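One point on numbering: in UniProt numbering, the residue at position 202 of the sequence shown is 202, and numbering is uninterrupted. Just so it is clear, CB atoms sit at the ideal spot from N, CA and C, and this is done for glycine as well. These figures come from a predicted structure and were not determined experimentally. Structure record follows, encoded as structure tokens.
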Amino acid sequence: MTTTDVKGPESTGDEQANEAVGGAAGAAPVAAQDVLVEDEDRGEAGRAVRAELEDEGIALPGSPASGEDSHATRANRVRSFEVADFSRPTSKDEEWRFTPLRVLSPLFEDLPTEDLEGDPAVDYQISVPEGAPEASTLAPGQSPRGTALVPEDIVSAVASARTEQALHLRAPRGAELADPFRVAITGRGAERRGNAHVVLETEESSVATFVLDHTGSARFAENVEMIVGDNSQMTVISLQNWEDDALHISAHHSRLGRDARLKHIVVTLGGRAVRINAIGEFSAPGSELEKLGLYFSDEGQFLEHRIFVDHAAPKCTSNSAYKGALQGKGARSVWVGDVLIRKEAEGTSTYELNRNLVLTEGARADSVPNLEIETGEIEGAGHAAATGRFDDEQLFYLRARGIPELEARRLVVRGFFAELIQQIDVPEIREALTDSIEAELQRSMN
Numbered sequence: 001m002t003t004t005d006v007k008g009p010e011s012t013g014d015e016q017a018n019e020a021v022g023g024a025a026g027a028a029p030v031a032a033q034d035v036l037v038e039d040e041d042r043g044e045a046g047r048a049v050r051a052e053l054e055d056e057g058i059a060l061p062g063s064p065a066s067g068e069d070s071h072a073t074r075a076n077r078v079r080s081f082e083v084a085d086f087s088r089p090t091s092k093d094e095e096w097r098f099t100p101l102r103v104l105s106p107l108f109e110d111l112p113t114e115d116l117e118g119d120p121a122v123d124y125q126i127s128v129p130e131g132a133p134e135a136s137t138l139a140p141g142q143s144p145r146g147t148a149l150v151p152e153d154i155v156s157a158v159a160s161a162r163t164e165q166a167l168h169l170r171a172p173r174g175a176e177l178a179d180p181f182r183v184a185i186t187g188r189g190a191e192r193r194g195n196a197h198v199v200l201e202t203e204e205s206s207v208a209t210f211v212l213d214h215t216g217s218a219r220f221a222e223n224v225e226m227i228v229g230d231n232s233q234m235t236v237i238s239l240q241n242w243e244d245d246a247l248h249i250s251a252h253h254s255r256l257g258r259d260a261r262l263k264h265i266v267v268t269l270g271g272r273a274v275r276i277n278a279i280g281e282f283s284a285p286g287s288e289l290e291k292l293g294l295y296f297s298d299e300g301q302f303l304e305h306r307i308f309v310d311h312a313a314p315k316c317t318s319n320s321a322y323k324g325a326l327q328g329k330g331a332r333s334v335w336v337g338d339v340l341i342r343k344e345a346e347g348t349s350t351y352e353l354n355r356n357l358v359l360t361e362g363a364r365a366d367s368v369p370n371l372e373i374e375t376g377e378i379e380g381a382g383h384a385a386a387t388g389r390f391d392d393e394q395l396f397y398l399r400a401r402g403i404p405e406l407e408a409r410r411l412v413v414r415g416f417f418a419e420l421i422q423q424i425d426v427p428e429i430r431e432a433l434t435d436s437i438e439a440e441l442q443r444s445m446n
């Protein structure tokens, strides 16, 4: 197996690395941080960009992180249900160094959900497939709530503490549910706070799909807890289709039993600022975890996706693939991938990949894949990242065959996302996603 390792911002401009990973996706090699590293050459414009980022509380690539967690292993993070055990994040914290903290600061407050009489801050419409029990609720400490997810930051802790009854959706033992569970989550106001905790469960030998669709506007702090029972198969599709003024921070935490399989899909197209931290934990041998993500950042939009895969059991497999496109001034994306292979996790196989396609000037992508390995007895481990613009040769090839330039550019972007879209097993979501990407392209290319 050939692997191109790109460990952080200092490597994102490596031409060979970008060509090896990004060229096939139609991305011409380009340094992910070129807008930053060339500041001095760009004069006042470059310094203005740097000042703007610093004003938002974003630590620049290459800046040293500080704080207790800057040198700690990913497995040693504080985990607690107590809000008081966490402090407000700062740009000096490695976990938050790329995040615009001032924009997302309303979500760091310990505030209740702002429901009014007959007018909830966030509305939930739930559809349960035939053969599944009706939706239920779980109080704090009521099993299986808290089986997988224990908060790792202040937002997650507040969401847990401020959610008196968590939504619980369950596929019973041995059931194979043909239709998905659907939860339509609609925010009722950009200034209104919402807190949520959702527990998704597949009991032993069951098969189920869960769709979470976020729309409207809100300041939304969310926990999504996934309990994947022995020999069960779970698919989770989280769609972020927010309005342009929404703020959303979410912690997704899954725990896989023996011979279990989870496909976790995140699609983020809307929102002023969205940050999703997806954690997967293997608790028994023989399990498989697939993490897929797709995002499209527009002018002034910030989208951050973090993944952490904890290989704490032997003979488990994980694969992660995230792809993003960016267009417009101030469009920003962050992807951070962490994989920990513990000493006891012999026979592990893992790979993580991130690709970014920059469509216009003024956009910025950060991509940081990491591996932490505590045993040499593994099947394989690798990671790769690439950020690029359109490949001029691909465009020339298409135009030489009579395809107009705008259509040629759309074809390149469609091809860039097609591999991930095809892996979404719900046809209407595939179609809606294709239409949404087409609408994004119409705005940037006409």
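First and last residue of the uninterrupted alpha helix (DSSP H) at residue i
i: LEU200; result: Premise fails: LEU200 lies in the beta strand (DSSP E), 181-202, not in any alpha helix (DSSP H).
i: ASP392; result: 392-399
i: ILE378; result: No alpha helix (DSSP H) holds ILE378; DSSP gives it neither H nor E.
i: VAL158; result: 154-161
i: LEU101; result: 101-104
Residue i classed as buried or exposed, judged by whether at least 16 other C-beta atoms fall within 10 angstroms
i: ILE249; result: buried
i: ALA381; result: buried
i: ARG272; result: buried
i: LYS343; result: exposed
i: PRO427; result: exposed
i: HIS71; result: Model confidence at HIS71 stands at a pLDDT of 42, short of 50, so the residue's coordinates are unreliable; what they give is reported in the following sentence. Exposed: under 16 other Cβ atoms inside 10 Å.
i: ARG145; result: buried
i: ARG443; result: exposed
i: LYS329; result: exposed
i: GLU361; result: exposed
i: VAL309; result: buried
i: TYR397; result: exposed
i: ILE265; result: buried
i: ARG77; result: exposed
i: ALA124; result: A small correction: the amino acid at residue 124 is Tyr; Ala does not occupy that position in the sequence shown. Per the 10 Å Cβ criterion, exposed.
i: ILE126; result: exposed
i: GLN240; result: buried
Nearest neighbour of residue i, chosen from the options [CA to CA]
i: GLY187; options: GLU176, GLU203, GLY229 and ASP115; result: ASP115
i: ASP111; options: ARG162, GLU95, LEU212 and LYS92; result: Residue identity differs from the one stated: residue 111 is Leu in this sequence, not Asp. Answer by Cα proximity: ARG162.
i: ALA386; options: TYR124, TYR397 and ARG364; result: ARG364
i: ALA190; options: ALA221, GLY146, PHE416 and GLN394; result: ALA221
i: ARG258; options: GLU281, ASN241, TYR397 and GLY337; result: GLU281
i: VAL339; options: HIS383, GLU203, PHE302 and SER232; result: HIS383
i: ASN223; options: VAL150, ALA260, GLY293 and VAL266; result: VAL150
i: LEU289; options: THR350, LEU212 and HIS197; result: THR350
i: SER297; options: HIS252, HIS305 and GLN327; result: GLN327
i: ILE341; options: TRP335, TYR322, ARG332 and LYS315; result: LYS315
i: THR113; options: VAL183, VAL413 and ALA196; result: ALA196
i: ILE437; options: GLY270, ASP366 and PRO285; result: GLY270
i: SER320; options: LYS263, ARG332 and HIS252; result: LYS263
i: HIS74; options: SER87, ASP85 and ASP93; result: With the sequence shown as reference, residue 74 is identified as Arg, and His is not the correct amino acid for it. The candidate whose alpha carbon is nearest that of ARG74 is ASP93.
i: GLY324; options: VAL103, ARG414, PRO140 and TRP96; result: ARG414
i: VAL368; options: GLU379, ILE378, LEU353 and GLU377; result: LEU353
i: ALA171; options: HIS311, GLY229 and THR99; result: GLY229
Residue range of the unbroken beta strand (DSSP E) whose run includes residue i
i: LEU169; result: 166-171
i: ILE307; result: 302-311
i: residue 447; result: Not covered by the structure: residue 447. The range shown for the chain is 1 to 446.
i: LEU116; result: From DSSP, LEU116 is part of no beta strand (DSSP E); its letter is neither H nor E.
i: PRO369; result: 364-373
i: VAL228; result: 207-228
i: LEU138; result: 136-138
i: SER297; result: 288-297
i: SER238; result: 233-240
i: VAL150; result: Counting along the chain, VAL150 falls outside any beta strand (DSSP E), and DSSP gives it neither H nor E.
i: VAL78; result: Counting along the chain, VAL78 falls outside any beta strand (DSSP E), and DSSP gives it neither H nor E.
i: GLY330; result: From DSSP, GLY330 is part of no beta strand (DSSP E); its letter is neither H nor E.
i: ALA251; result: 247-256
i: SER349; result: 349-358
i: residue 447; result: It is not possible to answer for residue 447, since the shown part of the chain is limited to 1 through 446.
Contact belief for residue i with residue j at Cβ below 8 Å, rounded distance in angstroms
i: PRO180; j: THR209; result: 4 Å
i: ALA159; j: ARG192; result: That pair is no contact at about 15 Å.
i: VAL267; j: LEU433; result: 6 Å
i: GLY337; j: ILE307; result: 5 Å
i: PRO89; j: LEU101; result: 6 Å
i: LEU107; j: LEU247; result: 6 Å
i: LEU294; j: LEU420; result: 5 Å
Stretch pair the stretch 167-181 + the stretch 113-132: three plus CB contacts closer than 8 Å: Touching, yes, given that three or more Cβ pairs across the two stretches are closer than 8 Å.
Stretch pair the stretch 366-376 + the stretch 398-408: three plus CB contacts closer than 8 Å: With contact defined as three or more Cβ pairs closer than 8 Å, the stretch 366-376 and the stretch 398-408 are not in contact.
The stretch 151-167 contacting the stretch 288-307, beta-carbon criterion three pairs below 8 Å: Because the criterion of three Cβ pairs below 8 Å is not met, the stretch 151-167 and the stretch 288-307 do not touch.
Segment contact, 8 Å Cβ cut-off, at least three pairs: the stretch 388-397 with the stretch 341-358: These segments touch.
Stretch pair the stretch 228-246 + the stretch 201-208: three plus CB contacts closer than 8 Å: In short, these stretches touch, since the Cβ pair count reaches three.
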